[in-house]
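To keep things clear, I will list the structure first and then write my remarks on it.
In structure tokens, the structure reads:
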């Protein structure tokens, strides 16, 4: 069961805008770690603010979401990013 905050289409739009912003700034890769950034970019509601989780994306291509094994269920249920 998934409990996503927004549709894949909405996410794709958010990612495209973020990718355009880093491209315009001359940044190759962005590593988002703030809980509110994770929620905005991939829909993940970080309940464990004290542990490192990261949403990594470049100017093009697919993003990667890095999280702890113990957070996998929440990540899979709430985040649109494909599990790797």
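In this note's numbering, the protein residues as written are 306 to 389. Where is the CB? At the ideal position from N, CA and C, for every residue including glycine.
For residue i, the residue or residues it bridges with in DSSP
i           : result
residue 359 : 371
Closer than 7 Å: residue i CB and nearest the ligand ATP heavy atom
i           : result
residue 384 : The ligand ATP is absent from the structure shown, which contains no ligands of any kind.
Distance, residue j Cα to residue i Cα
i           : j           : result
residue 306 : residue 348 : Confidence at residue 306 is low in this model, with a pLDDT of 49, below 50, so the placement of that residue should be treated as unreliable; the coordinate-derived value is given next. Taking the straight line joining both Cα atoms gives about 15 Å.
residue 322 : residue 329 : 10 Å
residue 352 : residue 379 : 9 Å
residue 332 : residue 360 : 15 Å
residue 335 : residue 369 : 11 Å
Residue i: first and last residue of the uninterrupted beta strand (DSSP E) it sits in
i           : result
residue 337 : 334–337
Where the alpha helix (DSSP H) through residue i begins and ends
i           : result
residue 344 : 340–347
residue 316 : 313–329
residue 350 : Taken as a continuous stretch (DSSP letters only), residue 350 belongs to no alpha helix (DSSP H), as it is neither H nor E.
residue 380 : 377–383
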